[in-house]
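Down below is the structure, laid out as structure tokens.
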Amino acid sequence: MSRHSFGSPPAFGDANFAAVFGVPSAPEQDPSMLNYRGYALHQAFDLRSRMAISREKPLVGMFYGAFPHPSVARMIGQAGFDYVILDWEHTPYKLIKVIQYAGEGRTAVVVRIPGHDHHFAAWDAGASGVIFPHIQNVEQAKAAISACRFPPVGNRSGPPNAMQFGYNDGAAGGGGVFEVWNRAAIILQIEDEEGADNADAIAALEEVDGLMLGPGDLAFSLGLTFAEIGKDEKWLSCASKVATAAENHSLAYLMPGMGSAQVGLHLQSGVTMTCAANDSMIMAIGLRKELISAHEQLAVWKTSKH
Numbered sequence: 344m345s346r347h348s349f350g351s352p353p354a355f356g357d358a359n360f361a362a363v364f365g366v367p368s369a370p371e372q373d374p375s376m377l378n379y380r381g382y383a384l385h386q387a388f389d390l391r392s393r394m395a396i397s398r399e400k401p402l403v404g405m406f407y408g409a410f411p412h413p414s415v416a417r418m419i420g421q422a423g424f425d426y427v428i429l430d431w432e433h434t435p436y437k438l439i440k441v442i443q444y445a446g447e448g449r450t451a452v453v454v455r456i457p458g459h460d461h462h463f464a465a466w467d468a469g470a471s472g473v474i475f476p477h478i479q480n481v482e483q484a485k486a487a488i489s490a491c492r493f494p495p496v497g498n499r500s501g502p503p504n505a506m507q508f509g510y511n512d513g514a515a516g517g518g519g520v521f522e523v524w525n526r527a528a529i530i531l532q533i534e535d536e537e538g539a540d541n542a543d544a545i546a547a548l549e550e551v552d553g554l555m556l557g558p559g560d561l562a563f564s565l566g567l568t569f570a571e572i573g574k575d576e577k578w579l580s581c582a583s584k585v586a587t588a589a590e591n592h593s594l595a596y597l598m599p600g601m602g603s604a605q606v607g608l609h610l611q612s613g614v615t616m617t618c619a620a621n622d623s624m625i626m627a628i629g630l631r632k633e634l635i636s637a638h639e640q641l642a643v644w645k646t647s648k649h
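Per our numbering, the sequence shown starts with residue 344, numbered consecutively.
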């Protein structure tokens, strides 16, 4: 049951109008992310609580990293995913609030930061979770945790302007500075053999909400190619260590994906936060499908003229 009173219009506006153009309705979320959104749309989701039950009810999200533009972000926010990974590691932008506003509280935004010292900008912008890349050992993991939590748990500095008094803290139901930010999730990404070997010790740390496997960089670190991802025995061994560590400590387990065809395989391998789409692949596949369809119709037309 949602604790919020603000409206929730259908994704993509008028459903009948969208259907004319072949846009289907979004599936129902189970459970609805509306139950986990902040007291206002600009506040972080309680993603920690939602991730905590992801082993029973996986989240379906997407990876967003190719087209950093508000119009694209708005469409993604309206699509109905449980969460979106904004890939700040490779594309420097912040579109958190655009997605949260467009989705009316249906879609949480998780930001993968470019380095271990970029977390402040993501948190202060309202991220519901932050992914720290290239975590290899417990020391790095502890440093990430400390940077994300306020004293006495960590050493995060309180930003004086990100939650301005009388504005951001004035949402119905409350939501003070520390309460809001402490609901955001910490996700540690493992991308090499050292990290995989230390995955269980990393997962055992308090305040960690999820582990993420970086399949491409893991392959590169092992001297492999993209074609060998999921096939090479050493890669599979490292991936299994990360998955097992997340399961043993009841953490969420993420793996990025290029499209929905990978979802079933990811779920079978223990992934609890899967990516059903990638914005660059959506664009490439969609444009090519429309082009092929146009040429098929062109061929029919040419035949009818002879």
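Each residue gets a CB set at the ideal place from its N, CA and C atoms; glycine is no exception.
Contact check, residue i vs residue j, beta carbons under 9 Å
i, j, result
"A595", "S392", "no"
"H638", "G557", "no"
"Q443", "V452", "yes"
"G404", "C581", "no"
"G423", "P374", "no"
"L402", "M601", "no"
"A487", "F388", "no"
Cβ neighbour criterion (16 or more within 10 Å) applied to residue i
i, result
"G629", "exposed"
"A544", "exposed"
"K584", "buried"
"R631", "exposed"
"A627", "exposed"
"W524", "buried"
"Q611", "exposed"
"A642", "exposed"
"W644", "exposed"
"T646", "exposed"
"G607", "exposed"
Residue interval of the alpha helix (DSSP H) (run including residue i)
i, result
"Q483", "V481 to C491"
"M394", "L390 to A395"
"V585", "E576 to N591"
"D467", "H462 to D467"
Spatial distance of residue i from residue j (CA atoms)
i, j, result
"G446", "F463", "24 Å"
"Q479", "Q386", "31 Å"
"F410", "W466", "22 Å"
"V427", "P495", "30 Å"
"L548", "A542", "10 Å"
"D425", "V415", "17 Å"
"F355", "E537", "Because the pLDDT at F355 is just 49, under 50, the model does not fix this residue reliably, and the value given afterwards should be weighed accordingly. Distance between the alpha carbons of F355 and E537: 44 Å."
Residue interval of the beta strand (DSSP E) (run including residue i)
i, result
"L597", "A595 to M598"
Proximity test, residue i beta-carbon vs the ligand ADP heavy atom, cut-off 8 Å
i, result
"P457", "Ligands are entirely absent from the displayed structure, and the ligand ADP is therefore not among its contents."
In chain order, which continuous runs of the alpha helix (DSSP H) of length 4 or greater are located wholly inside the stretch 397 to 460?
Here the runs fully enclosed are 413 to 422 and 439 to 446.
Any chance you could list the alpha helix (DSSP H) runs of at least 4 consecutive residues sitting entirely within the stretch 601 to 646, in chain order?
Considered as a whole, the stretch 601 to 646 harbours 606 to 611 as its complete alpha helix (DSSP H) runs of no fewer than 4 residues, in chain order.
Start-end ranges of the beta strand (DSSP E) lying completely within the stretch 520 to 572, minimum 3 residues
The stretch 520 to 572 contains these whole beta strand (DSSP E) runs: 528 to 533 and 553 to 556.
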